[in-house]
Structure formats: C-alpha cells, structure tokens
Amino acid sequence: MQIVKIDPNALSEEYGEKMCESLEQGNILVLSAGIFNPTDQDCALLRSSKQSASSAFKNIAYKPHINRTTGVSADAGVDATEVHRILAAYSTGAIDFLSRLLPQYAKSWKVDYATFRPLEEQGRDLPLNRRNDLMHVDAFPTRPTHGGRILRLFTNIHPEKDRVWVTSYPFEELVKRYAKEAGLDEVTTAPAALKRSVGRIVRMVSRKDSDRTAYDEFMIRFHTFLKSNEEFQKKGQVDLSHFKPGETWISFTDAIAHAVKAGQYAVEQTCIVPREAMLHPDLAPLAVLERAAGKPLATR
Ligand SMILES: O=C(O)CCC(=O)C(=O)O
Ligand SMILES: [Fe+2]
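Note that this note's numbering gives residue 231 to position 233 of the sequence shown, counting from 1, and the numbers run on in steps of one.
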C-alpha cells in the first residue's frame, strides 16, 4: 500500500485516470486540506455534539437520499439541525471534489451516507463485529453492493491529534490466505442461495431484510472472520499511516484491510462505484473472489 499525494491544482481527465489507477491498485490518496472541509467554527460545533448512546447508531449519519441525519443524541448540547446542515454541506462539497478528481467514476456512482465519528477510537467499547480498531474489509449488511466498490473519503477534524490507521496485505493476498477458511465455498451452496431467496421475500414483505448476492454474503463473512482472527490481527499489520488534522484520505475500503488505532472526530463520505466503471474490473474484489471460487458470485 502506498500513500499518494493529491495535487488539487492538477485535476483533469488524465490526472483522474492516474488516481483511479492508484486506488484500484490498493493505495490511499491523501489531500492536505480540502476546500470542502467544514469551517473551523463548524468543526468546533461538530466536536461539541454528542452521539446518541443507543447502540443502534455506530456513528452520526447524514443520509442524502432522505435528507435526514440520524444518531445525534437528544441531549447533544447542540442543535441537531446544525449538525445536519454541516454534514449536508460537507457531503455536497466532498462529492463535488470527488467528481472533479475522479470523473471516470462519478458518471455512474451512487452517493451513499456521510458520517461524523465523534468518539475516541482507541479503546472504544463495541461488540467485536462493530469494532473499528480491528482490521477488516468493509461490507454493509443493510446496503449490499452486488459487486460495486466501496469508495470512502475521510477528513480528520481533530484540532491537534492524528487519526492513525493500520492496513494489511493486498486483497489478492488476503483471499489466498483466508477466503476458503472464511467460507468462500459455502456461499454458493444451494442452502445458502435458498436462505438469500427467503431474505429477499422477507424484504419485499417487510422491507427489513436485504437483497444479497453470494458476493455480499461472503464479504460480510470476511469482515467478521478477519476481525475475529487473532493471528491475522497480530501478524497481518503491514503499514501504519498517520492522517493529520485537516487532512483527507480516499480509498477503496472493500479491498484494503484497515483499522483505526487512534483518533477522534472524523467526517466521511461513501460512494458505491459500479465494478464496470473500474479501469481494471479484474482487480475488483468480486473478480478476485470469483477466480478463487471458480464460480460466479454476483448471482443471487
Ligand atoms: O473511522 C475510521 O477512521 C475508519 C473506521 C472504519 O473502518 C469503518 O467505519 O469501516
Ligand atoms: Fe472500515
């Protein structure tokens, strides 16, 4: 994994191609100060807001498709509409920047949530599956991508402290080492397919379950498997990266195994990029896993 500096004055179709290439190779792009960063005043206001104590909310989330922000504590000490305003503005600015940086992807991506992460990550008390300090690849149980890529842009809004990430082997290597053990062959069996069909029917009736493919099911398993594998957590740490106050970093977090070791106060925007928009669809996790399984996985 390499850290690649973004030159915000160089944005063009050709530069975008270079950046896409770098992202698809499993690198992290870093921007020293985004024009979309919330103002100092808005950062201070976000930092003074409290997250709801309910375990239903891992972060404070702005959901652009319904124009709502969830997870702000009722006794937050700040006006929830202010938090909403700041996150909505960050989301719009971040998407605008990403569209100019990566025009190749912007044509077809789906804009997902923006989040604010108000809690110190070091020593945060969460159930294993939701812990951010254990290395994992991202997969959203409620929002399956069907092979689409999870592109995330983070900004550190702590006034002094770095946000510290640890990252692991390239995705191909992760798959070679652990995919079988994590159940790659099980997600294509008839009982697994039947279970997903039932999930789809439940979803149609109650809107509660989700429409997963074998790929989505595996990625959720892989996420949990990696978090619970002690050997991987101990020996698989390859790079340590410090993101400074004000810095933004961008990566495909479905392919880079990552964990946040320390840091407080970050905002983040997610986009789901269809695999067809990749310069190298063959490097995408879906393709890597299909080669390892010897079977199509984007089937339901
Ligand atoms: O907040 C961070 O820095 C990363 C957390 C993370 O890995 C996640 O939300 O999936
Ligand atoms: Fe993650």
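Virtual Cβ for every residue (Gly too), placed ideally from N, Cα, C.
task = Please state if the CB of residue 27 and the CB of residue 199 are separated by a distance shorter than 9 Å.
result = For the pair residue 199 and residue 27, the CB atoms are not nearer than the 9 Å cut-off.
Simplified DSSP state of residue 327, which is helix, strand or coil = Nothing can be reported for residue 327, as the shown portion of the chain is limited to -1 through 298.
ask   = For residue 278, does the count of other Cβ atoms within 10 angstroms reach 16, so buried, or fall short, so exposed?
value = Exposed, by the Cβ-count rule.
task = Starting from the N-terminal side, write out each stretch of the alpha helix (DSSP H) that is 4 residues or longer and does not extend beyond the region 183 to 218.
result = As summarised for the region 183 to 218, the continuous alpha helix (DSSP H) elements at least 4 residues long and confined to that stretch are 188 to 204, given in chain order.
request  = Note down, one range per segment and in chain order, each alpha helix (DSSP H) of at least 4 residues found wholly within the region 90 to 173.
outcome  = Within the region 90 to 173, the complete alpha helix (DSSP H) runs of at least 4 residues are 101 to 104.
message = Considering only the alpha carbon of each residue, which of 140, 101 and 20 lies closest to residue 111?
response = When C-alpha distances from residue 111 are compared across 140, 101 and 20, the shortest belongs to 140.
query = Three or more beta-carbon pairs under 8 Å between the region 225 to 233 and the region 136 to 153, yes or no?
reply = With the rule of 3 Cβ pairs closer than 8 Å, the region 225 to 233 does not count as touching the region 136 to 153.
inquiry  = Below 8 Å on the Cβ atoms is my contact criterion, and I expect residue 150 with residue 9 to pass it. Report the Cβ-Cβ distance as a whole number of Å.
reply    = Taking the Cβ atoms as the reference, residue 150 lies roughly 19 Å from residue 9, outside the contact range of under 8 Å.
query = Hey, residue 32 and residue 113 are a contact pair by Cβ (cut 8 Å); roughly how many whole angstroms apart?
reply = The Cβ separation is near 16 Å, so there is no contact.
query = Count the other CB atoms within 10 Å of the CB of residue 202; is the residue buried (16 or more) or exposed (fewer)?
reply = Exposed.
key: Cβ neighbour criterion (16 or more within 10 Å) applied to residue 333   = Residue numbering for the chain in the displayed model covers -1 to 298; residue 333 lies beyond these limits and cannot be assessed.
query = Going by the CB atoms, is the gap between residue 164 and residue 259 shorter than 9 Å?
reply = Taking C-beta atoms as the reference points, residue 259 and residue 164 count as a pair closer than 9 Å.
key: Nonlocal neighbours in the same chain, by C-beta distance under 7 Å from residue 100, ignoring five residues either side   = Listed in chain order, the non-local C-beta contacts of residue 100 below 7 Å within the same chain comprise 14, 17 and 18, local neighbours out to five positions each way being set aside.
task = Could you tell me which of 213, 135 and 190 sits nearest to residue 223, measuring between CA atoms?
result = For residue 223, the nearest C-alpha among the options comes from 135.
ask   = Out of curiosity, what's the CA-to-CA distance linking residue 82 and residue 88?
value = Going from the Cα of residue 82 to the Cα of residue 88 covers about 10 Å.
request  = Give the DSSP bridge partners of residue 280, in chain order.
outcome  = Answer is none; residue 280 lacks a bridge partner.
inquiry  = If you measure from each CB to the nearest heavy atom of ligand 2 and keep those under 6 Å, what residues do you get, in chain order?
reply    = This selection yields 134, 136, 251 and 256.
query = Going by the CB atoms, is the gap between residue 67 and residue 78 shorter than 9 Å?
reply = In this structure, residue 78 sits near residue 67, with a CB-CB distance shorter than 9 Å.
inquiry  = Check whether the region 265 to 274 and the region 181 to 199 touch, using three or more Cβ-Cβ pairs below 8 Å as the test.
reply    = Touching, no, given that fewer than three Cβ pairs across the two stretches are closer than 8 Å.
query = What does a CB cutoff of less than 6 Å around residue 234 pick up in its chain, not counting 5 residues either side in sequence?
reply = Setting aside the 5 residues that flank it on each side, residue 234 is surrounded in the same chain by 166, each with a C-beta closer than 6 Å to its C-beta; the list follows chain order.
task = Using three-state DSSP, classify residue 46 as helix, strand or coil.
result = If DSSP states are grouped into helix, strand and coil, residue 46 belongs with coil.
ask   = Are there 16 or more other CB atoms within 10 angstroms of the CB of residue 119, so buried, or fewer, so exposed?
value = Around the beta carbon of residue 119, a 10 Å sphere encloses 16 or more other beta carbons of the protein chains shown; the residue is thus reported as buried.
ask   = Going by other Cβ atoms of all chains shown within 10 Å of its Cβ, with 16 needed for buried, is residue 196 buried or exposed?
value = Result: exposed.
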